[in-house]
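Encoded as structure tokens, the structure appears first; notes follow it.
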Amino acid sequence: QKEVEQDPGPLSVPEGAIVSLNCTYSNSAFQYFMWYRQYSRKGPELLMYTYSSGNKEDGRFTAQVDKSSKYISLFIRDSQPSDSATYLCAMSANTNAGKSTFGDGTTLTVKP
Amino acid sequence: KAGVTQTPRYLIKTRGQQVTLSCSPISGHRSVSWYQQTPGQGLQFLFEYFSETQRNKGNFPGRFSGRQFSNSRSEMNVSTLELGDSALYLCASSTGQGSSPLHFGNGTRLTVT
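Those protein sequence lines, which keep their order, are chains F and Z. Residue numbering for the first sequence is 1 to 112, as defined by our numbering. Residue numbering for the second sequence is 113 to 225, as defined by our numbering.
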């Protein structure tokens, strides 16, 4: 069983929709949580990171962490075609995230 | 600030050969991590270097090795290449202290024939 499980998708939504991307984890040592976006033939791009339970907002993106349920989510409001990419969750037992465990990614397509 | 730079972008090697990949981190970042990305296994951690010392290591065979120089630049070496080593190799840098998420380069695409 993988330490990090990510909803596999793929996900297809109309432009303007609210998107919910989710990961669960089994390792209670994880305390640092990150979300990345990866476009084709590019490296992952950091979107958000947090180490506390609750919500963190940045523009159209909201990261939510529930440590008691070992569940994290990324919400994208007013989704745009440019948001079409693969989204990866990542977790680390330390705030120094050098050694992180990644989900397998969810591919999102936003249709105009 | 310049991002993480990886060279070369693409490599084609023959089984049995060895290869060296290079990574220049973001200026001021002292930690460099390497990851292997494949369609079947996703992103898997190889190792992390901080101030020229290996700080963490993943579950890869000894054919995979790395090093970090005093300017924080890092190299990764794979010896005796196997077909299964074909992957996107990603380098990521961070400050290595405090709250320090990873910042990735665009990777080196290695194909082993």
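Don't be surprised by glycine CBs; every beta carbon is placed ideally from N, CA and C. Given the structure is predicted, the values throughout are model-derived calculations rather than measurements.
For residue j and residue i, the rounded distance between their alpha carbons
i               : j               : result
K70 of chain F  : Q129 of chain Z : 43 Å
T223 of chain Z : C203 of chain Z : 17 Å
V4 of chain F   : L155 of chain Z : 11 Å
P8 of chain F   : G105 of chain F : 6 Å
S198 of chain Z : R167 of chain Z : 25 Å
F2 of chain F   : T24 of chain F  : First, the amino acid is wrong: residue 2 of chain F is Lys here, not Phe. Computed Cα separation, rounded: 10 Å.
L133 of chain Z : K99 of chain F  : 19 Å
K56 of chain F  : W35 of chain F  : 12 Å
F176 of chain Z : A17 of chain F  : 44 Å
S191 of chain Z : F61 of chain F  : 42 Å
Within chain B, partners of residue i - CB distance below 8 Å
i               : result
D104 of chain F : The displayed structure is made up of protein chains F and Z, and chain B is not among them.
Beta-carbon proximity check, residue i vs residue j, cutoff 8 Å
i               : j               : result
V144 of chain Z : S212 of chain Z : no
N27 of chain F  : S73 of chain F  : no
D78 of chain F  : L108 of chain F : no
G174 of chain Z : G43 of chain F  : no
F76 of chain Z  : G170 of chain Z : For chain Z, the structure presents residues 113 to 225; residue 76 of chain Z sits outside this window and is missing.
T119 of chain Z : T225 of chain Z : no
V110 of chain F : E15 of chain F  : yes
G210 of chain Z : R142 of chain Z : no
T95 of chain F  : Y32 of chain F  : yes
Cross-chain neighbours of residue i in chain F, by beta carbon under 8 Å
i               : result
S163 of chain Z : None at all; the shortest Cβ gap to chain F is about 12 Å.
N168 of chain Z : G98 and K99
Contact set between residue i and chain Z, taken where Cβ atoms lie within less than 9 Å
i              : result
Y51 of chain F : S211
M34 of chain F : P213 and L214
P10 of chain F : Neighbours of P10 of chain F on chain Z: none; closest Cβ ~14 Å, over 9 Å.
Per-residue burial, residue i [other beta carbons within 10 Å of its own, 16 or more giving buried]
i               : result
I76 of chain F  : buried
A29 of chain F  : exposed
A85 of chain F  : buried
P151 of chain Z : exposed
A90 of chain F  : buried
F181 of chain Z : exposed
S136 of chain Z : buried
R114 of chain Z : As written in the sequence, residue 114 of chain Z is Ala, which differs from the Arg given in the question. It is exposed - the Cβ of A114 of chain Z has fewer than 16 other Cβ atoms within 10 Å.
Q80 of chain F  : exposed
K68 of chain F  : In the sequence under discussion, the amino acid at residue 68 of chain F is Ser, which differs from the Lys named in the question. That one is exposed.
G196 of chain Z : exposed
Residue i beta carbon near the ligand HEM (any heavy atom closer than 7 Å)
i               : result
E160 of chain Z : The ligand HEM is absent from the structure shown, which contains no ligands of any kind.
Counterpart residues of residue i in DSSP-defined beta bridges
i               : result
A204 of chain Z : Z:S145 and Z:F216
T50 of chain F  : F:F33
Residue i: contacting residues in chain F (beta-carbon distance under 9 Å)
i               : result
S145 of chain Z : A97, G98, K99 and S100
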